[in-house]
Amino acid sequence: MRKPKIVHLLEASSVMRAETLVNLLMRRFADKYQFTSICIGTPSAPLEEFALGGHPVYFLERKLGLDWRCSRRLACLLQRERADLVHAHQSAALFFGLFARLQYMNPAVLCTDHDRPHPDYPSPRRASINRMLLESRDRVVAASRSVRQALILNEGLLPEQVGVVYNGVANSEIQNVGDAQLIRHQLGVGADTFLILQVAPFELCQNQSLAIQAMEQAVRELPAVRLVLVGAGPELETIRTMVSRSRLEPYVTFLGARSDTSTLLRAADLVLSTSIGKADTSVLIQALAGGCPVVATREGAVAEIVEDRVCGFLVSPGDYGALAEMIVRLGSSPRLREQFALQGRMRAARMFSEQETSDCYAAIYQTMLVP
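Residue 27 is where the sequence shown starts when you use the numbering used here, and the numbers rise one by one after that.
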């Protein structure tokens, strides 16, 4: 008996945000469904992991804006793959999937919106497209309540059309101390150094400059502190210059883009997020699951992930003084870090587990694939 075919549809800019969820679903449901991944555009990161287990990966070139030729090629590919369900990730991929379905009518469309652009404004055009092309059999899932609210306000979706499923992570086991020490050694960080990890692309909305301003104050009270910045992007040189002018080179390390974030998290004492838009909540969830406290700006879905003063601290965007104060407070108190670590693990296991996420999508897939 033929297993239903699910096609994960990604637009190039959404690959990194969708990667964890796509890999989870393909791994968990390999016995029930066939999977194929289609990436529209050229991704900034390799997709080798998507092909694990023999799942095909296809690439479609696209022009800026709505590319009708790309939509036609996508329709042909969906027909050739005999797709029963298209699982689009982010709104751009959803639009390509909906326009392709005008030519290949078979598959229902599920869209997972992982985060929202910054700034995020209402779009009458997108709202009209959604109303015209989304069918009653289609579903939209938001990765947080704040994303759901934005879809309703800015994309014109009805509240009953949008559900919420958090992107879960694997339940972390007790950290291997030997591994953590090895990672710190590779980073040139001593066992007694307070290691802060920030993972985010160098974009204006990620606001790494706030972290540098906070470090200027924090190093006065925490001389054994190191901030490790992971990511690449257009603002990288600006932040490098800021570090140099502040004479913080001994305290700040740039690692560039990395694919081993979960490994780096093992060695961290604190995870930092200074975003004013598009915070990567998957990193925050991984931090909590691994028993690492979080200090973050109160933005978007962050407050849904990190419970203030329970498993981390939340500060107002732009308040580098408060950010520095929370860094120093955690850096000076191993006992508080242990307390936050315990609460973070419990929160992640309760709300953001792989099992919870896969159970929710199992129910959605089953409902949408009923003949």
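Every residue, glycine too, gets a C-beta built ideally from N, C-alpha and C.
Nothing here was measured: the structure is a model prediction, and the numbers come from that model.
- The C-beta of threonine 267 has fewer than 16 other C-beta atoms within 10 Å across all chains shown, which makes the residue exposed.
- Ile222 is the residue among Leu230, Ile222 and Cys231 whose C-alpha sits nearest the C-alpha of alanine 240.
- DSSP lists Val254 and Val297 as the beta-bridge partner residues of leucine 223.
- Assigned with DSSP and collapsed to three states, aspartate 205 falls in helix.
- With contacts defined by Cβ atoms closer than 8 Å, alanine 348 and glycine 338 do not form a contacting pair.
- The three-state reading of DSSP puts glutamine 129 in coil, since its state is none of H, G, I, E or B.
- Annotation: aspartate 218 is outside any alpha helix (DSSP H) and is labelled neither H nor E by DSSP.
- Pairing glutamine 392 with serine 162, the inter-Cα distance amounts to about 16 Å.
- Just measuring C-alpha positions, the residue of Phe55, Leu50, Met27 and Lys89 sitting nearest glutamate 37 is Lys89.
- Excluding sequence positions up to five before and after glycine 216, its CB lies within less than 8 Å of the CB of Arg210 and Ala250, all in the same chain and listed in chain order.
- Residue state for cysteine 102 is assigned as helix, using DSSP reduced to three classes.
- In this structure, the straight-line span from the alpha carbon of serine 154 to that of aspartate 306 is close to 29 Å.
- Of the residues assessed, threonine 138 falls on the buried side of the cut-off, its CB having 16 or more other CB atoms within 10 angstroms.
- DSSP links phenylalanine 55 through a beta bridge to no other residue.
- For the pair leucine 51 and arginine 355, the Cα-to-Cα distance works out to about 39 Å.
- A distance below 6 Å between beta-carbons, with the five flanking residues on each side excluded, links valine 48 to the following residues of its chain, in chain order: His34.
- If you compare the alpha carbons of Ile302, Glu186 and Ala294 with that of aspartate 218, the shortest gap goes to Ala294.
- Per DSSP, aspartate 141 lies in no beta strand (DSSP E) and is assigned neither H nor E.
- Looking at the DSSP output, valine 188 shares a beta bridge with Val166.
- With a contact defined as Cβ atoms closer than 8 Å, valine 225 and threonine 287 qualify at about 5 Å.
- Positions of the beta strand (DSSP E) runs, each at least 3 residues long and wholly inside the region 273 to 343, are given as 278 to 282, 296 to 299, 320 to 323 and 338 to 341 in order along the chain.
- Following the DSSP letters along the chain, one finds glutamine 60 inside the beta strand (DSSP E) bounded by residues 60 to 66.
- Counting the other Cβ atoms within 10 Å of the Cβ of glutamate 263 gives fewer than 16, which makes it exposed.
- Under DSSP, the beta-bridge partners assigned to lysine 31 are Gln60.
- In the same chain as proline 143, and ignoring 5 residues on each side of it, no C-beta atom comes closer than 6 Å to its own.
- Exposed is the label assigned to serine 270, since fewer than 16 other Cβ atoms lie within 10 Å of its Cβ.
- Between threonine 383 and glycine 194, the alpha-carbon positions lie close to 5 Å from each other.
- When the alpha-carbon of proline 145 is set against those of Glu325, Phe55 and Met352, the nearest one is in Glu325.
- Annotated three-state conformation of serine 384 is helix, per DSSP.
- In the three-state reduction of the DSSP assignment, phenylalanine 85 falls in the strand class.
- Taking the Cα of glycine 91 as reference, the smallest distance to any Cα among His81, Phe85, Ala109 and Ala118 is reached at Ala118.
- Per the C-alpha coordinates, the member of Val190, Leu128 and Phe125 positioned closest to aspartate 141 is Val190.
- By the criterion of a C-beta distance shorter than 7 Å, arginine 127 is surrounded in its chain by Pro133 and Val135, once the five residues flanking it on both sides are discounted.
- The criterion of a C-beta distance shorter than 8 Å is not satisfied by leucine 104 and tyrosine 84.
- Residue environment for proline 185: exposed (fewer than 16 other C-beta atoms within 10 angstroms of its C-beta).
- DSSP places valine 195 in the strand class (E or B) of the three-state scheme.
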